[in-house]
Amino acid sequence: MKIAIETFTRELAAEIVPLGQQSWDECSEIKKDTCAYHGQRGLAIDPDIDQYLYLSDHQSLIAFTMRDDEGDLHGYALAILYRSLHLKTELCGNVDTFYVQPDHRRSMPRLMSTIEETLRERGVSIIGWPVTMTGGLFEILKRRGYIADDVVMELKLKDLAGGETCA
């Protein structure tokens, strides 16, 4: 598997979205009845590609890819860089979306290391990695030295169109 940083384009987005849907579906299954907005099952994702392009154009998005020898995409991560609102001198990184197809997860540690090394090289002082505490990625991140700092509490105010309710 070749791990690389690629420029985020509409073409790359078109490759990522199907894997993003796989990620959404897998996460929804992990969350089951604890889901709020994110875990709504049966929902077709509709990412704001224009917003990702804007972030990329302003050096605030890094697109990591994991491809096989034929160039097929089997994993990706999109990391968003931003200045801390509480410590204005600190650059932060947030792994906005991350997915590796199950048959290729043996390469996942290398992808994660590449993310960490790249963000460190770019001056990031802390990486945020939103995960479900009951999912396997939570335990992997703990073994890599991450800590569960804050928990995001969600209150679902409405169902999203086209999706089965979580209740």
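So the sequence shown is residues 1 to 167, counted in the numbering used here. Where is the CB? At the ideal position from N, CA and C, for every residue including glycine.
Endpoints, the beta strand (DSSP E) within which residue i is located
| i | result |
| --- | --- |
| Asp96 | Leu91 to Val100 |
| Val124 | Val124 to Gly128 |
Limits of the alpha helix (DSSP H) - the one that residue i falls within
| i | result |
| --- | --- |
| Ile115 | Met108 to Glu121 |
| Glu154 | Glu154 -> no alpha helix (DSSP H), and no H or E assigned at all. |
| Asp25 | Arg10 to Lys31 |
| Arg143 | Gly136 to Arg143 |
Which residues DSSP lists as bridging residue i, in chain order
| i | result |
| --- | --- |
| Ile3 | Met66 |
Beta-carbon proximity of residue i to residue j, cut-off 8 Å
| i | j | result |
| --- | --- | --- |
| Ser56 | Tyr82 | no |
| Ala79 | Leu119 | yes |
| Gly75 | Leu111 | yes |
| Gly20 | Ile3 | no |
| Leu155 | Val124 | no |
Short CB-CB distance (under 8 Å) between residue i and chain D
| i | result |
| --- | --- |
| Arg10 | Among the protein chains of the structure shown there is no chain D, as only one such chain exists. |
Hey, is the stretch 100-115 in contact with the stretch 59-66, meaning 3+ C-beta pairs nearer than 8 Å? Judged by pairs of C-beta atoms under 8 Å, the stretch 100-115 touches the stretch 59-66, as three or more such pairs exist.
Between the stretch 19-33 and the stretch 84-93, do three or more beta carbon pairs fall short of 8 Å? Between the stretch 19-33 and the stretch 84-93 there are fewer than three inter-stretch CB-CB distances shorter than 8 Å, so the stretches are not counted as touching.
With a floor of 4 residues, list each alpha helix (DSSP H) that falls wholly inside the stretch 42-85, ordered by position along the chain. For the stretch 42-85, the full-length alpha helix (DSSP H) segments reaching 4 residues or more read 49-57 along the chain.
May I ask you to verify whether the stretch 128-140 touches the stretch 94-111, counting CB pairs closer than 8 Å and requiring at least 3? Because the criterion of three Cβ pairs below 8 Å is met, the stretch 128-140 and the stretch 94-111 touch.
Taking contact to mean 3 or more Cβ pairs, one atom from each stretch, closer than 8 Å, check whether the stretch 17-30 and the stretch 131-141 are in contact. The count of Cβ pairs closer than 8 Å, one atom from the stretch 17-30 and one from the stretch 131-141, reaches three, so the stretches are in contact.
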